[in-house]
Amino acid sequence: MSNEAQFDAALDLLRRLSPLSVSKNLDAITALVPDLTEDLLSSVDQPLTSARDKKTGRDYLLCDYNRDGDSYRSPWSNEFDPALDDATYPSDRVRKMEVEANEAFEVYRQMYYEGGIGSVYLWDLDDGFAGVVLLKKSVGKEAGWDSIHVFEVDERRGGARTCHYKLTSTVILHLGRESEAVGSLNLAGSMTRQVEADLVAESVGALGKDGGHVCNAGRLVEDMEGKMRNLLQEVYFGKAKDIVGDLRSVAPLTGVNRDRQAQRDVISSMGGK
0 MSNEAQFDAA LDLLRRLSPL SVSKNLDAIT ALVPDLTEDL LSSVDQPLTS ARDKKTGRDY
60 LLCDYNRDGD SYRSPWSNEF DPALDDATYP SDRVRKMEVE ANEAFEVYRQ MYYEGGIGSV
120 YLWDLDDGFA GVVLLKKSVG KEAGWDSIHV FEVDERRGGA RTCHYKLTST VILHLGRESE
180 AVGSLNLAGS MTRQVEADLV AESVGALGKD GGHVCNAGRL VEDMEGKMRN LLQEVYFGKA
240 KDIVGDLRSV APLTGVNRDR QAQRDVISSM GGK
């Protein structure tokens, strides 16, 4: 089997397994086929993990976009841990935007998540720059939300002030409940959506047009997260609730049957009149 066929087969397999075990499954697949390691790590979204910046004492999230070998760069101090001699850093311009974006999304995180951890990483491209916005909120082992928003900004595509933005968002969500009435219940899944837009980069704050880029990226992420939350609530969990309700009754069946019979009696008596 060719490397391309093995890669497609690995992605197909990972899509059918629980998102909560994706790290474990990735380790197993890469142990069998080590040549796929880099491609899989850069293509498969995993539940986010965190580390603490030793210099600032602030937590930050880890992903493939702030990784260099076995080291990860903190958005707060711009330093790798463990330290690297030949690490790659964003340019001064992009680093200033990264600092501004982290401050903006700290406010966003506090408003929408009321806790959790957030991190933003930016890097240079030939035609502009790109970045990733990471947000994580956990409630013990019972629930967790991980959102990964990767965006690209093409500054050469469009007019003098208009730039092309492309956003790819992934949400990994899991809910668990264990009680005598319900037993053990675990719901987990991931969703990916993409959007492209041509937006005007207005001059905002001390960064000027670059501040406008931060605002545009923030609006795109905010709108996408709102749409994905609504979709999860109304479609995915609404459908799951209907299916579980049809398959399993928490209340005693005798009481359910008695209520149904009373309902039928009322409907029959109304029909007779």
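Going by numbering that gives the first Met the number 0, the sequence shown opens with residue 0, and the numbers climb by one from there. Backbone N, C-alpha and C define an ideal beta-carbon position, used for all residues, glycine too. Just so we're clear, the structure is a prediction, and the values are computed from it rather than from any experiment.
Which residues mark the beginning and the end of the alpha helix (DSSP H) in which G210 is found? K208 to L230
Let me make sure I understand the geometry here. Which of G130, A27 and D264 has the alpha-carbon closest to that of V220? G130
DSSP-derived helix/strand/coil call for L25: Looking at L25 - three-state DSSP - the assignment turns out to be helix.
Could you give the distance in angstroms between the alpha-carbon of A200 and the alpha-carbon of R156? 13 Å
Nearest-angstrom Cα distance between Q193 and S178? 38 Å
Quick one: give me the first and last residue of the alpha helix (DSSP H) that L39 is part of. T36 to S42
Take N2 and list the residues in its own chain whose beta-carbon comes closer than 8 Å to its own, dropping the five residues that flank it on each side. D34 and L35
Tell me whether the stretch 206-223 and the stretch 260-267 touch, counting them as touching only if at least three CB pairs, one residue from each stretch, are closer than 8 Å. no
Leaving out five residues before and five after K210 in sequence, what residues of the same chain have Cβ atoms less than 6 Å from its Cβ? The amino acid at residue 210 is misidentified as Lys; the sequence shows Gly. V203 and G204, listed in sequence order.
Spell out a yes or no on whether the stretch 19-26 and the stretch 67-80 are touching, meaning 3 or more CB-CB pairs, one atom from each, closer than 8 Å. By the criterion of at least three beta-carbon pairs nearer than 8 Å, the stretch 19-26 is not in contact with the stretch 67-80.
Output the distance between the C-alpha atoms of L184 and G175, rounded to the nearest integer angstrom. 6 Å
What first and last residue would you give for the beta strand (DSSP E) that runs through Y235? It is not in any beta strand (DSSP E) - Y235 carries neither H nor E in the DSSP assignment.
Which of the three DSSP states is assigned to G204 in this structure? It is helical.
Can you pull the DSSP bridge partners for M190? V170
Could you tell me the alpha carbon to alpha carbon distance between R51 and L186, rounded to whole angstroms? 29 Å
Whole-number beta carbon distance between K140 and I116, since they are thought to touch under 8 Å: About 17 Å separates the beta carbons of I116 and K140, which is beyond the 8 Å limit, so they are not a contact pair.
Just how far apart, CA to CA, sit V152 and K54? Between V152 and K54, the C-alpha separation is close to 31 Å.
Taking the Cβ atom as the reference point for each residue, do E105 and P74 lie within a distance shorter than 8 Å? no
For R228, tell me which candidate among C162, K240, E99 and W144 has the shortest Cα-Cα distance. Selected option, being the one with the closest Cα: W144.
Report yes if the C-beta distance between K95 and L198 is below 8 Å; otherwise report no. no
Any beta strand (DSSP E) of 3 or more consecutive residues that is wholly inside the stretch 39-123: 48-51, 58-61 and 70-72
Endpoints, alpha helix (DSSP H) assigned at D7: N2 to R14
What span of residues does the beta strand (DSSP E) with L133 cover, start to end? G127 to V138
On the criterion of 16 or more Cβ atoms from any shown chain inside 10 Å, does D67 qualify as buried, or is it exposed? exposed
What's the gap between the Cα of K165 and the Cα of E224? 15 Å
State the DSSP-derived secondary structure class of R259, mapped to helix, strand or coil. When secondary structure is reduced to three states using DSSP, R259 falls in the helix class.
Could you give the residue range of the beta strand (DSSP E) that holds E273? With the chain covering 0 to 272 only, the question about residue 273 has no answer from this structure.
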